[in-house]
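Engineer: Structure below; questions to follow.
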Ligand SMILES: Nc1ncnc2c1ncn2[C@@H]1O[C@H](COP(=O)(O)OP(=O)(O)O)[C@@H](O)[C@H]1O
Ligand SMILES: [Mg+2]
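Residue numbers (my numbering), protein chains in the order written: chain H, 1 to 259; chain X, 260 to 620.
Written as structure tokens, this is what we have:
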């Protein structure tokens, strides 16, 4: 426990009216790990990662990135700080091309006068870079980078969203239920992508309901219950049914928080 | 710049073991081959201007064979262009709005209000015509901003907002103009600049008005904005899926506000084109312009659900309406059948859009 965590949250609170979505929730992501976050429906997982990703402003608590306190007012802030998120709904625009989506919200302008004064986009650079990113992750069976995202399968879309996150994330990548809408084969591909991203040195926060997927890729598992973290376990020390039992309150969480 | 993450050889053994275990064929994301019809649909879906363009070509061919030389006469061709110019300019504004999944019922009212402001300030108040013109543009811009603020700040549906402002701008127009027309001679005497859009370059029998040239220039500018700048990408993304756009880091509120403001200013330019076409400034002209602009956009293949469509499509849509009206008139068909034909075109266009949207599942 000597290294500073990449991302840490202390005692986050978020209320929606009378619903307490986050009730003094703690969080810790270490270097070079895949940290799974599991919890029942409505436990507050999505709210937690939205707070970490700048999409939701917590009512109280603090977030530390590389040990430094940070405050995100928008997803853009978090992105600028190096946190990339693959949201549950992917945040892709189906009617735009793959390349457009990869650079959505951070388009590259040409470096010449046309770019400076007329905002002319550098489409060639964006296309080339998008193509390169996708092929790095072995996704270049998507032949045409100008193809509209809506013509892609669910797994391919997930691939584009992950490639975007991996390309721009300098600190970490958060993925909310990346395999939820996918079939068996496409899920496998996405899990491989995650391991690949981790191998490239980016830690990942994985929110998932799928225990086999979690136990396959996670280095540690953060268990969320009723708006807070009640345990962190090492998947090597616990079975899936133990994890589910802790998650649902059927088993007492282990005393030591850190696995 | 992007941070490139060098591959770190950390724990490769574990990783490779997993890779080896998994089905190697999966990595191809294999999909069954789409059928010919599906591919056709994808193609049309990705190129929404193709259908309107075909309809335009077919329409021209149809009337060329029905009416013959009179239809194809350069004078008649240039007449069609003149007839669609106002709707073309308004349609450009309307396209911007509809791309964001909105609708603007007040475009016609903004156009007329701006033209009345330009006319009265120049002719009756005696301001220099350039100043009067600029104030007219600012009025259009302000009307658009009001729509935009109501849509983005109060989160009211664009349909309701612009239905309301349509009445409001219409009433302001009647109040400011006192329902009186500024006659052609008065404008010609004191502010001929306002009629400039109606003057023309003559190519034999064909008359190309400056208003039509202006429409094409505006279309090119907005095309550039939509297709070659980040703002344009944000307009499409905002219309396609606002939540996704927001999560991707786009300020959708600012994007929408800018769209409504630009549309308002374009409507004011349409007001200038209107003065050129009519010659006079009439607070009662252009009554059908609102719906006609929506018609042009829809027939031009832009989706009312947002995120899909193009400026070129809208110009083609306006031309389709112009060609059908003109061709039917020359064929000696009763005016009511022109309306009938336009109605059929609208429904067919929207039906095709629905069918194409199913591509997205
Ligand atoms: N935008 C919102 N408005 C109101 N309530 C919300 C909102 N988002 C989440 N909640 C509530 O907060 C709780 C936690 O939700 P969420 O974070 O989505 O849980 P999970 O992702 O673990 O299923 C739920 O009770 C949910 O209904
Ligand atoms: Mg959730």
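Glycine residues also receive a C-beta, built at the ideal position from the N, C-alpha and C atoms.
Give every residue of the same chain whose Cβ lies closer than 7 Å to the Cβ of residue 303 of chain X, excluding the five residues on either side of it in the sequence, and list them in chain order.
Structural biologist: Locating residue 303 of chain X in the second chain gives position 44, where the first residue counts as 1. Excluding sequence neighbours, residue 303 of chain X sits near 309, 310 and 615.
Engineer: Let's see if you can read the secondary structure: which residues bound the alpha helix (DSSP H) around residue 304 of chain X?
Structural biologist: By 1-based counting over the second chain, the position of residue 304 of chain X is 45. Run containing residue 304 of chain X: 295-305, per the alpha helix (DSSP H) assignment.
Engineer: Quick one: list the residues of chain X neighbouring residue 76 of chain H, beta-carbon separation under 7 Å, in chain order.
Structural biologist: Residue 76 of chain H sits at position 76 when you count from the first residue of the first chain. Per Cβ cutoff of 7 Å: 508.
Engineer: Whose CB is closer than 7 Å to a heavy atom of ligand 2? List the residues in chain order.
Structural biologist: Those residues, listed in chain order, are H:45, H:46, H:88, H:176, H:177 and H:207.
Engineer: Quick check on residue 25 of chain H - is its C-beta less than 9 Å from some C-beta in chain X?
Structural biologist: Here residue 25 of chain H is taken as the residue at index 25 of the first chain, counted from 1. It does not; no Cβ of chain X falls within 9 Å.
Engineer: Spell out a yes or no on whether the region 87-97 of chain H and the region 506-513 of chain X are touching, meaning 3 or more CB-CB pairs, one atom from each, closer than 8 Å.
Structural biologist: The region 87-97 of chain H vs the region 506-513 of chain X: in contact.
Engineer: Taking a contact to mean a Cβ-Cβ separation below 9 Å, would you say residue 76 of chain H touches residue 167 of chain H in this structure?
Structural biologist: For this step, residue 76 of chain H is matched to residue 76 along the first chain. For this step, residue 167 of chain H is matched to residue 167 along the first chain. Contact flag unset, no.
Engineer: Just how far apart, CA to CA, sit residue 58 of chain H and residue 453 of chain X?
Structural biologist: Counted from its first residue, the first chain places residue 58 of chain H at position 58. Counted from its first residue, the second chain places residue 453 of chain X at position 194. One C-alpha to the other measures close to 56 Å.
Engineer: Identify whether residue 75 of chain H lies in helix, strand or coil by the three-state DSSP scheme.
Structural biologist: As a working note, residue 75 of chain H is residue 75 in the first chain. Helix, per DSSP.
Engineer: CA-CA distance, residue 154 of chain H and residue 307 of chain X?
Structural biologist: Taking the first chain and counting its residues from 1, one reaches residue 154 of chain H at position 154. Taking the second chain and counting its residues from 1, one reaches residue 307 of chain X at position 48. Rounded to whole angstroms, residue 154 of chain H to residue 307 of chain X spans 23 Å at the Cα level.
Engineer: Beta-carbon of residue 101 of chain H versus every beta-carbon of chain X: anything under 9 Å?
Structural biologist: Position 101 of the first chain, counted from the start, is the residue given in the question as residue 101 of chain H. It does: the Cβ of residue 101 of chain H has a partner Cβ on chain X nearer than 9 Å.
Engineer: Within the same chain, show all residues whose beta-carbon is closer than 8 Å to that of residue 146 of chain H, passing over the 5 residues directly before and after it, in chain order.
Structural biologist: Against the first chain, residue 146 of chain H aligns to sequence position 146. Result list for residue 146 of chain H: 97, 98, 99 and 127, in chain order.
Engineer: Distance cutoff 9 Å, beta carbons only. Does residue 584 of chain X sit that close to anything in chain H?
Structural biologist: Within the second chain, the letter at position 325 stands for residue 584 of chain X. By this cut-off, residue 584 of chain X is not an interface position.
Engineer: Jot down the residue ranges of each uninterrupted alpha helix (DSSP H) in the region 128-189 of chain H, minimum 4 residues, whole runs only, in chain order.
Structural biologist: DSSP runs (the alpha helix (DSSP H)) wholly in the region 128-189 of chain H: 154-168.
Engineer: Taking the alpha carbon of residue 30 of chain H as the point to measure from, which residue in H:215, H:248, H:158 and H:172 has its own alpha carbon closest?
Structural biologist: Here residue 30 of chain H corresponds to residue number 30 of the first chain, with the count starting at 1. Residue 30 of chain H has its Cα closest to that of H:172, out of H:215, H:248, H:158 and H:172.
Engineer: Within 9 Å of any Cβ in chain X, is that where the Cβ of residue 258 of chain H sits?
Structural biologist: Reading the first chain from its first residue, position 258 is the one you call residue 258 of chain H. Any reading at residue 258 of chain H needs caution, since the residue's pLDDT is 46, under 50, leaving its predicted position unreliable; the model's value is listed next. Answer no: the Cβ-Cβ gap between residue 258 of chain H and chain X never drops below 9 Å.
Engineer: My output table needs one value for residue 520 of chain X: the three-state DSSP class, helix, strand or coil.
Structural biologist: Looking up residue 520 of chain X in the second chain gives position 261. Here residue 520 of chain X sits in helix by DSSP.
Engineer: Residue ranges of each alpha helix (DSSP H) run of no fewer than 4 residues wholly in the region 468-506 of chain X, ordered along the chain?
Structural biologist: Here the runs fully enclosed are 469-487, 489-499 and 501-506.
Engineer: To the nearest angstrom, how far is the alpha carbon of residue 607 of chain X from that of residue 421 of chain X?
Structural biologist: Sequence index remark: in the second chain, residue 607 of chain X carries index 348 (1-based). Sequence index remark: in the second chain, residue 421 of chain X carries index 162 (1-based). When rounded, the distance between both Cα atoms is 26 Å.
Engineer: In this structure, how does DSSP classify residue 69 of chain H when only helix, strand and coil are distinguished?
Structural biologist: As a first step, residue 69 of chain H must be located in the first chain, where it is residue number 69. Looking at residue 69 of chain H - three-state DSSP - the assignment turns out to be strand.
Engineer: Which bits of chain X does residue 93 of chain H rub up against, with CB to CB less than 8 Å?
Structural biologist: Taking the first chain and counting its residues from 1, the one referred to as residue 93 of chain H is at position 93. Chain X residues near residue 93 of chain H: 495, 496, 499, 500, 503, 504, 507 and 566.
Engineer: Using a Cβ cut-off of 9 Å, which residues of the region 304-319 of chain X contact any Cβ in chain H, in chain order?
Structural biologist: Those residues of the region 304-319 of chain X that come within reach of chain H (Cβ to Cβ, closer than 9 Å) are 304 and 305.
Engineer: Buried or exposed: where does residue 262 of chain X fall if 16 or more other Cβ atoms within 10 Å of its Cβ makes it buried?
Structural biologist: If you number the second chain from 1, residue 262 of chain X lands on position 3. Here residue 262 of chain X scores only 41 on pLDDT, less than 50, and its place in the model is too uncertain to base an answer on.
Engineer: When the distance is taken between beta carbons, is residue 198 of chain H closer than 9 Å to residue 34 of chain H?
Structural biologist: Position 34 of the first chain, counting from 1, holds the residue named residue 34 of chain H. Position 198 of the first chain, counting from 1, holds the residue named residue 198 of chain H. Result yes, Cβ atoms of residue 34 of chain H and residue 198 of chain H sit closer than 9 Å.
Engineer: Just checking residue 60 of chain H against ligand 1 - is the residue's beta carbon closer than 8 Å to any of the ligand's heavy atoms?
Structural biologist: Working through the first chain from its first residue, we reach residue 60 of chain H at position 60. No, since every heavy atom of ligand 1 falls outside the 8 Å radius drawn around the Cβ of residue 60 of chain H.
Engineer: Using DSSP with H/G/I as helix, E/B as strand and the rest coil, what is residue 120 of chain H?
Structural biologist: Numbered from its first residue, the first chain carries residue 120 of chain H at position 120. Residue 120 of chain H: coil per DSSP, three-state reduction.
Engineer: On the three-pair Cβ rule with 8 Å, is the region 344-363 of chain X touching the region 481-500 of chain X?
Structural biologist: Cβ pair count under 8 Å is three or more, so yes.
Engineer: Can you tell which of H:178, H:104 and H:110 has the C-alpha that lies nearest to the C-alpha of residue 511 of chain X?
Structural biologist: Here the question's residue 511 of chain X lines up with position 252 in the second chain. Nearest of H:178, H:104 and H:110 to residue 511 of chain X, Cα basis: H:104.
Engineer: Is it buried or exposed for residue 238 of chain H, if we count other Cβ within 10 angstroms and need 16 for buried?
Structural biologist: For this step, residue 238 of chain H is matched to residue 238 along the first chain. Residue 238 of chain H comes out buried.
Engineer: Could you tell me which of X:514, X:603 and X:544 sits nearest to residue 411 of chain X, measuring between CA atoms?
Structural biologist: Looking up residue 411 of chain X in the second chain gives position 152. Residue X:514 is the option with its Cα nearest to residue 411 of chain X.
Engineer: Where does residue 595 of chain X land, buried or exposed, given buried means 16+ other C-beta within 10 angstroms?
Structural biologist: Translated into positions along the second chain, residue 595 of chain X becomes position 336. So residue 595 of chain X ends up on the exposed side.
Engineer: Using a Cβ-Cβ cut-off of 9 Å, state whether residue 57 of chain H counts as contacting chain X.
Structural biologist: Reading the first chain from its first residue, position 57 is the one you call residue 57 of chain H. No - not a single Cβ of chain X is within 9 Å of the one on residue 57 of chain H.
Engineer: With respect to 8 Å, is the separation between the Cβ of residue 16 of chain H and the closest non-hydrogen atom of ligand 1 below this value?
Structural biologist: Translated into positions along the first chain, residue 16 of chain H becomes position 16. True, at least one ligand heavy atom lies under 8 Å from that Cβ.
Engineer: Considering only the alpha carbon of each residue, which of X:458, X:427 and X:477 lies closest to residue 468 of chain X?
Structural biologist: In the second chain, residue 468 of chain X corresponds to position 209, counting from 1. For the residues X:458, X:427 and X:477, the minimum Cα distance to residue 468 of chain X belongs to X:458.
Engineer: State whether the region 333-347 of chain X contacts the region 383-403 of chain X, with contact taken as three or more CB pairs (one from each stretch) at a distance under 8 Å.
Structural biologist: No, the region 333-347 of chain X does not touch the region 383-403 of chain X.
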